[in-house]
Amino acid sequence: MNNWLLLFTASFLMAATTVFAQLDDAVPPEQVWLFSVGGSVHGTRAGHSGQFVLPQAPTCCSGYGAASSFGLGGGLFLRQEFTKHVRLMVRGGLLPLHGDFASSEQVLLSGQVPGTVQHELDVTMSMLAFDALVDFRVPGNIRLMAGITGGPASATFSTRERLVNPPTGTFENGSRLRAVQNDVELQGLPSFGVSPTIGIGYDIHLTANHRWTLTPEVLFTTGFNTVVEGLDWSTSVLRAGISLGFAVNAPRPPTPIERKKDVRIDTIVVRTAPDALDRIGMGEETYLGTDTIRTPDLITVLERFSRTDTSYQGTVPVLRAALAVRARESDGRVNSQFGITVTTQFVTEALPVLPVVFFDPGVATLASRYVRVGSTDGFREDAIVPRTPVVHHNVLNIIGSRMRRKATTTITLTGSADPTTEAGNCAVARARAESVQRYLTETWGIDATRIRIATTATCGPERPTRQQSEEGFSENRRVDISTDDMELLASVARRRFNEATSITPPQLEYDASGSDGQYVTDWTVEARTADSVLFQMQGTGKPGVSVHELSTVQAEALVNGNNVAVGLEMKGLRGSTATAKASIAVRKDTLSVELERLTLTLFDVASDKVGAIAEEQIRRFVETVPAGSTVIVRGYADMLGNAQFNRELSQRRAAAVCASIRKVIKRRVTIKCDEVSTGFPPGIESYRTPEERFLSRTVQIEVQRPRP
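Numbering (the working numbering), first residue to last: 5 to 712.
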């Protein structure tokens, strides 16, 4: 047998040498008989069968039968193709053939006690196995294998007899084990055992030239009929694993082929209407030819085509903007030749401090319209813009600054919730007062002991606004600030400034109807003076005629001799634009009469009662009025009542203030108490917020005297 195996191996190696000249041939691997070397790893299952007693470890009455074990084996191989469907492989490696045997024997122990003795035989056996296999490729890459496996084996064994039953007791040696032998060399093994082997595998080529091939495989070697000479003991082995082969004569990998398509595109541009959709019309492709570009690493097949596309693109429209600015006089006349004239007057005004902070529905945090300073160092009361809403929005800073200067003054904060929309929620009412307290303590550093928090019995205002509308409800969501120190709530200090009293024309008409309308998407008309925007109007589509009403607030932003620049900007489709401009001359005239003005916030809703704080403010304001002056008292009301009621209420308020003035003034002055205004008080531009409505329930005292 040894001579036969040597002859087989020699023939195999001679066949392999016939293909080494093809190592670098640039041919497909299907045209080369590949010679491969490699290795394999297998999981093994060895199955033993028979009926034997080992002479080296005899048992008294029973023999051993079946056993099995699992192990791990591996080896190296040489493999030669004789055709692309048939190849031979010689493999050598280690093959584990372990087995653990057991047989039971019923015995009588001392005292005629029945018992069970188990005979155990553990065989540790391995074979230096050589496989000589022929495999056949069936459709695909499946390989069917057949051949022989043989080689010398070596083994040791361990044996023992174990007392299984009864669970207590021992052999005569005082132990539950006897006849123990460990690691004894097994005698009688054949010098070279041979058995048939069959198997199946599947080639997975890891490279295009088949240089590396991975083969999952299963091999079965049927019984080595004589494990120990003279015994009925045979062994079979099932192997499952992988082999990795390296073909030493594999041709160079085929050069990759990349196919590309090159289309040369000419584009014809066709202009369409500005509002038409842009689109591309693709033409037919014309074949021009094929170029093959070869490099050592790549073959590029380039197919060339030409195509003419048509691009339909909308035309960018040309817009034309036209703007004419005209004056609309109070009598309805329209003038094209005009300028803006502003009449101003020097005014010294004392603005009221409204000791109330209003809150948004259901919340206790300060509204964003109230000014909160980050650092108190930069706050100056005399720097506040002289307008009553602006003063009110700084009320907490004014009170905080004054309390810091007057270290003994205390205040009471009375929180309120609206009785209707907030059901007089006491928790919300108190939280609002705490929010005001927190700002004064944390920002202005006022000691919390100087600030008392209170609520009314109903947790609503002591004198609520009963108007059943959002305007009335919003006036009841507030915190009232009260104190015994009249100086704390005194009007903001008088300052002399030049105030616009009138502006002509009252309205400006911007006529852009002469502009193009087609393809216009939106437009903007903006008027600027110096670096500020006076006003701005916007619209979509074609611009037309717009009217803007000028106010004295805007008049104050105008500068004498500095024209108002008016611009029209139109935007259209496809990014088109057009502009037009106009300019309006500005002239400011200052009256020779100077005013001193005191605005009082002293009346509750529908009330004309003058309170103690107002009486003190009136006294201080008029006690220095020089003889010969004119004192004008104007009453105002908010919009909660009807027009007739508000006019009568304004008149009663003016009369009540005039009565207080006459108590103080003893000099010869002219007092006019019959001026009643139906519009906004000075500095008020709307009734949107509760503070604007509160500040509208007022009386303004104006002293007219010649300019010095």
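Glycine included, each C-beta is placed from N, C-alpha and C at the ideal position.
- With a cutoff of 9 Å on beta-carbon distance, T392 and L699 are scored as near each other.
- For Y523, there is no enclosing beta strand (DSSP E), as DSSP marks it with neither H nor E.
- DSSP lists V346 as the beta-bridge partner residues of K592.
- Contact check between the region 156 to 163 and the region 123 to 132: three or more CB pairs, one atom from each, fall below 8 Å, which counts as touching.
- In its chain, beyond the 5 residues on either side, A371 have a beta carbon closer than 6 Å to the beta carbon of D364.
- Non-local C-beta neighbours of G155 in its own chain, meaning closer than 6 Å and more than five positions away in sequence, comprise M131, L132, A133 and F134, ordered along the chain.
- For W216, the pairing in a beta bridge is given by DSSP as F250.
- When the five nearest sequence neighbours on each side are left out, the beta carbons in the same chain lying within less than 6 Å of the beta carbon of Q511 are those of R332, V551 and E553, in order along the chain.
- Around the CB of N429, 16 or more other CB atoms lie within 10 Å, so the residue is classed as buried.
- In this chain, the beta strand (DSSP E) harbouring F74 covers A71 to E85.
- Counting the other Cβ atoms within 10 Å of the Cβ of G197 gives 16 or more, which makes it buried.
- Around the beta-carbon of C677, 16 or more other beta-carbon atoms lie within 10 Å, marking it buried.
- Under DSSP, R308 shares a beta bridge with D266 and G293.
- Per DSSP, reduced to three states, the secondary structure at N401 is helical.
- For I269 and T533, the gap between their C-alpha atoms comes out near 55 Å.
- In the DSSP secondary-structure assignment, I272 is bridged to T314.
- About 5 Å separates the beta carbons of D489 and T413, which is inside the 8 Å limit, making them a contact pair.
- By the criterion of a C-beta distance shorter than 6 Å, M407 is surrounded in its chain by T413 and I450, once the five residues flanking it on both sides are discounted.
- Rounded to the nearest angstrom, the gap between the Cα atoms of E446 and S517 is 57 Å.
- In the three-state DSSP reduction, L302 falls in the strand class (E or B).
- Y206 counts as exposed, since fewer than 16 other beta carbons sit within 10 angstroms of its beta carbon.
- In the three-state reduction of the DSSP assignment, N650 falls in the helix class.
- Residue ranges of uninterrupted beta strand (DSSP E) with 3 or more members, entirely inside the region 555 to 641 and ordered along the chain, are 568 to 576, 581 to 588, 590 to 594, 597 to 605 and 634 to 639.
- Contact check between the region 590 to 600 and the region 561 to 578: three or more CB pairs, one atom from each, fall below 8 Å, which counts as touching.
- Looking from the CA of V357, the closest CA among E176, G43 and A618 belongs to A618.
- In the DSSP assignment, Q441 falls outside any beta strand (DSSP E) and lies within the alpha helix (DSSP H) extending over C430 to W448.
- Nearest in C-alpha terms to S73, of all of A150, R456 and L242, is L242.
- The alpha carbon of V399 has as its nearest neighbour, out of R311, P359, T294 and S486, the alpha carbon of P359.
- T459 is bridged by DSSP to G419.
- In the DSSP assignment, G476 falls within the alpha helix (DSSP H) that extends over E474 to E479.
- H396 has no beta-bridge partner at all, per DSSP.
- Taking 9 Å as the cut-off, the Cβ atoms of E627 and I669 count as close.
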